[in-house]
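Note sheet for the following structure.
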Amino acid sequence: MKIEIKNLCKSFGDRIVFDNFNISFTSESVNSIIGESGGGKSTLLNILSGLLKKDSGEIVGINEDDISYIFQEDRLVPWLNIKENMELFIYDYFSKDEGVKKINETFKLLHLENIQMKYPEKLSGGMRQRVNIARALLKPSKLILMDEPFKSLDYKTKYSIMKELKQILKKEERMVIFVTHDVDEAIYMNGNIFVLGGKPFSIRGVFTEKIQEDKEEILKLI
Numbered sequence: 001m002k003i004e005i006k007n008l009c010k011s012f013g014d015r016i017v018f019d020n021f022n023i024s025f026t027s028e029s030v031n032s033i034i035g036e037s038g039g040g041k042s043t044l045l046n047i048l049s050g051l052l053k054k055d056s057g058e059i060v061g062i063n064e065d066d067i068s069y070i071f072q073e074d075r076l077v078p079w080l081n082i083k084e085n086m087e088l089f090i091y092d093y094f095s096k097d098e099g100v101k102k103i104n105e106t107f108k109l110l111h112l113e114n115i116q117m118k119y120p121e122k123l124s125g126g127m128r129q130r131v132n133i134a135r136a137l138l139k140p141s142k143l144i145l146m147d148e149p150f151k152s153l154d155y156k157t158k159y160s161i162m163k164e165l166k167q168i169l170k171k172e173e174r175m176v177i178f179v180t181h182d183v184d185e186a187i188y189m190n191g192n193i194f195v196l197g198g199k200p201f202s203i204r205g206v207f208t209e210k211i212q213e214d215k216e217e218i219l220k221l222i
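Residue 23 in UniProt numbering sits at position 23 of the sequence shown; the count goes up by one each step and never skips.
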């Protein structure tokens, strides 16, 4: 799978976020985008997903119907239990028996087996984010967008979930584009790291190998 963004332009009033911006994602792995907060990382994901319209430019190799999106917040429907939240979309892709099997399998991988009948308000932030990730994984998409999904979690919970997610992604041929402002998160998830910044946004550096050794170089570019 290959995604190319060519000559992307996007402004909000007088604020130019992208001006003839180009970037390519070519591997079926985690592609991390890091940079300062408020720079335009989330804007890029929203354009890729179709939630936000670009002003001009071309995006090649992406189908908006073939995307899962893990947001910063869980966006669960509060008056539905967790099983019902999953059922809002799962049967669009699977039969009822297949859907139930998929939910059970994915929930087991993320240690969610005993919470299907609970309501979102009864779950901890870590559990709700696990559900958020499970929902994205349940959709049979080729591309997963992740917008700082670990931002509000404590250190132990964050790395527990990241470890589980890495193990799942190893088994599945999906491309991931992961936005974060945390260098350690990007390094832990492995794959490719794109350092973006400036006004308008531009690529300051790309790291694809031995990224553990490149942490100081990455930090200099943010």
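Every residue gets a Cβ at the ideal spot worked out from N, C-alpha and C, and that includes glycine. What you are looking at is a predicted structure, and each value in this text was computed from that prediction instead of being measured.
Measure from the alpha carbon of residue i to the alpha carbon of each residue in the options, then state which is nearest.
i    : options             : result
E64  : S124, N22, I3, V131 : I3
V60  : F25, F94, D74, N114 : F25
S29  : L143, D184, Y155    : L143
S49  : G57, I193, Y69, G39 : Y69
H181 : D154, K118, G39     : G39
M86  : D19, M117, I177     : M117
A136 : L8, E172, Y155      : E172
G57  : I90, S37, D19, E84  : D19
L8   : Y91, K170, L52      : L52
K122 : L76, K170, E98      : L76
Taking 9 Å as the threshold (C-beta atoms), are residue j and residue i in contact?
i    : j    : result
M189 : L165 : yes
F201 : G13  : no
G191 : S27  : yes
F194 : I23  : yes
G125 : T157 : yes
To the nearest angstrom, report how far apart residue i and residue j are at their CA atoms.
i           : j    : result
S42         : I168 : 24 Å
F21         : N81  : 42 Å
E217        : L196 : 13 Å
F107        : R174 : 19 Å
K151        : Q72  : 7 Å
V17         : K54  : 11 Å
I5          : N46  : 13 Å
N114        : Q129 : 15 Å
S11         : I103 : 40 Å
residue 223 : D66  : In the structure displayed, the chain extends from 1 to 222; residue 223 sits before or after that span and is not available.
R15         : K163 : 38 Å
L138        : L112 : 14 Å
L221        : V176 : 22 Å
residue 229 : V100 : This structure gives no information on residue 229, because the portion of the chain shown stretches from 1 to 222.
Y159        : P149 : 12 Å
E84         : I187 : 35 Å
M1          : I161 : 26 Å
L219        : K170 : 27 Å
Y91         : D147 : 25 Å
I203        : E98  : 43 Å
S37         : F89  : 32 Å
Our contact map puts residue i next to residue j with C-beta atoms below 8 Å; I'd like the distance itself, whole angstroms only.
i    : j    : result
V183 : K215 : 6 Å
P78  : P140 : Their Cβ separation, rounded to whole angstroms, is 26 Å, which puts P78 and P140 out of contact at 8 Å.
I62  : L44  : Between L44 and I62 the Cβ distance is about 12 Å, and since that is not below 8 Å, they are no contact.
L110 : A134 : 5 Å
D74  : N31  : The pair is not a contact, with the Cβ atoms about 23 Å apart (cut-off 8 Å).
Around the C-beta of residue i, are 16 or more other C-beta atoms found within 10 angstroms, so that it is buried, or is it exposed?
i    : result
E185 : buried
L145 : buried
Taking 8 Å as the cut-off, is the CB of residue i close to at least one heavy atom of the ligand ADP?
i    : result
D182 : Looking at this structure, you won't find the ligand ADP or any other ligand, since it has none at all.
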